[in-house]
Amino acid sequence: VLAVSFAGIGVLKNRNAPPPEISGGSVFPDGGNGTGCQPIHDPTQVFVYDVTDGVMKFRQGTDRKIVPASVTKLLTALTALDMMPENTVITPGDELKLVAAGSSVAYIKAHHRLTLAMLVEGMLLPSGNDAAYVTAAGAARYATGNRDMSGRDAVDYFMAKVNEYAVKIGCTGTHFTVPDGLAYEGHYTTADDLVIIAGKALENPVISRCAALLTDSVKYASGHTNTWYNTNLLINPDSEYYRSSVTGLKTGSLTDAYSVLVSAVIDGKTYIIGVFSARYPEDRYIVADRIIDGLSDKT
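According to the UniProt record's numbering, the sequence shown is numbered sequentially starting from 1.
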């Protein structure tokens with residue numbers, strides 16, 4: 001295990017500073033060594049897990065609970081796929097009324113009919129909160145056989161299943177209250193649990209395929225069509241943050257708290273990188289890129 005300090009990871013004055021060192025010292029050197037880096041904003045939480053070797057390489061701020069934002073949707077997808085087949089066709093109901101106004105959506109309407117696999121894609125590419133609520137309610141109605149279950153009751157039923165599923169796969173510090181992650185109070189996880197969730201997501205062919213897509217045009221079971229674009233700039237070749245080694249997984253955004261959970265394959269080794277509670281949207285990508293570049297230099 002590398003003895004690594006995260007004292008200098010952070011919001012960077014000089015966006016063009018050289019890649020981080022990850023050998024026995026700081027992953028992100030502080031401003032005292034000429035890189036132009038400043039200390040990290042206090043809320044930011046970072047971890048890097050080596051999946052191949054089964055080792056947490058380094059971490060910062062992970063003694064506190066992590067608010068996952070839309071990274072929540074990975075566990076929503078895993079739970080739903082555990083409850084029903086991916087080709088199950090779901091018709092949205094009044095759960096669409098539970099979607100917060102102005103939040104990210106996949107533009108799913110009440111007259112649409114979609115398979116679960118399509119809804120997973122709608123959660124993971126455009127980060128559709130509507131897709132998350134329709135998935136949650138659809139899974140609950142499928143599991144109970146009660147097609148008339150209200151959206152509120154169905155989502156509550158599903159969230160109980162989400163927390164049960166989290167325990168089943170080995171999570172010990174996770175409690176989710178909503179399927180889309182648009183919550184603060186009572187909705188939390190940990191770095192160790194996120195490693196478990198990310199690992200399960202990578203093993204799931206539906207989720208791993210969707211998380212790696214830059215864009216996709218889909219045709220619903222109802223015949224309607226839509227085109228979705230991935231919110232993860234790390235997999236977008238047109239983005240300054242693009243890294244070809246990145247294979248997923250999910251972004252998350254709350255007010256003044258921006259996150260990204262990354263999977264990357266570097267020289268044949270798989271890594272899970274988490275950057276949570278960054279103050280500005282671009283900082284999550286800058287930190288992730290510097291970690292990826294550092295790992296690439298050292299492997």
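Note that the Cβ used here is the ideal one computed from N, Cα and C, for glycine as well.
Residues of its chain near Ala136, where Cβ-Cβ distance is below 6 Å and the 5 sequence neighbours each way are ignored:
Position 136 of the sequence shown holds residue 136. Val155, Phe158 and Pro179.
Which stretch, first to last residue, makes up the beta strand (DSSP E) that contains Asp216?
Residue numbering aside, residue 216 sits at position 216 when the sequence shown is read from its first letter. Here the beta strand (DSSP E) through Asp216 covers Thr215 to Lys219.
The region 236–244 / the region 268–278 touching (three or more Cβ pairs under 8 Å)
The region 236–244 is not in contact with the region 268–278.
Whose CA, out of Ala143, Leu214 and Thr255, lies closest to the CA of Asp238?
On the sequence shown, position 238 is the one that residue 238 refers to. Closest option to Asp238, Cα to Cα, is Leu214.
With a 10 Å radius around its C-beta and 16 neighbouring C-beta atoms as the bar for buried, classify Arg284 as buried or exposed.
Position 284 of the sequence shown, counted from the start, is the residue given in the question as residue 284. It counts as buried.
The beta strand (DSSP E) with Thr270 in it runs from where to where?
Along the sequence shown, read from residue 1 onward, the residue named residue 270 stands at position 270. Residues Lys269 to Ala278.
Does the beta-carbon of His112 have 16 or more other beta-carbons within 10 angstroms, so that it is buried, or is it exposed?
Looking up residue 112 in the sequence shown gives position 112. Looking at its Cβ environment, which holds 16 or more other Cβ atoms inside 10 Å, His112 is buried.
If you draw a straight line from the alpha carbon of Val206 to that of Ile286, how long is it in whole angstroms?
Counted from its first residue, the sequence shown places residue 206 at position 206. Counted from its first residue, the sequence shown places residue 286 at position 286. About 28 Å.
Just to confirm the assignment, what range does the beta strand (DSSP E) spanning Asp50 have?
Here the question's residue 50 lines up with position 50 in the sequence shown. Asp50 -> beta strand (DSSP E) spans Gln45 to Asp50.
Cα-Cα separation, His175 to Thr72:
Residue mapping note: residue 175 aligns to position 175 of the sequence shown, counting from 1. Residue mapping note: residue 72 aligns to position 72 of the sequence shown, counting from 1. Whole-angstrom Cα-Cα distance: 10 Å.
Candidates Ala191, Asn204, Ser296 and Ser222: closest to Gln60 by CA position
On the sequence shown, residue 60 is found 60 positions in, with the first residue counted as 1. Here the closest residue by C-alpha is Ala191.
Drop a sphere of 10 angstroms on the beta-carbon of Val55, count the other beta-carbons inside from all chains shown, and report buried for 16 or more, exposed for fewer.
As a working mapping, residue 55 is identified with position 55 in the sequence shown. Burial check for Val55: the Cβ neighbour count within 10 Å stays below 16, so the residue is exposed.
Threshold first: 4 residues or longer. Then list the alpha helix (DSSP H) segments lying entirely within the region 83–170, N to C.
Listed in chain order, they are 116–124, 129–144 and 151–168.
Okay, do the region 158–168 and the region 95–103 touch, 3+ Cβ pairs below 8 Å being the bar?
no
What is the DSSP secondary structure of Leu254, counted as helix, strand or coil?
The count along the sequence shown starts at 1 and reaches residue 254 at position 254. The answer is strand: DSSP assigns Leu254 an E or B state.
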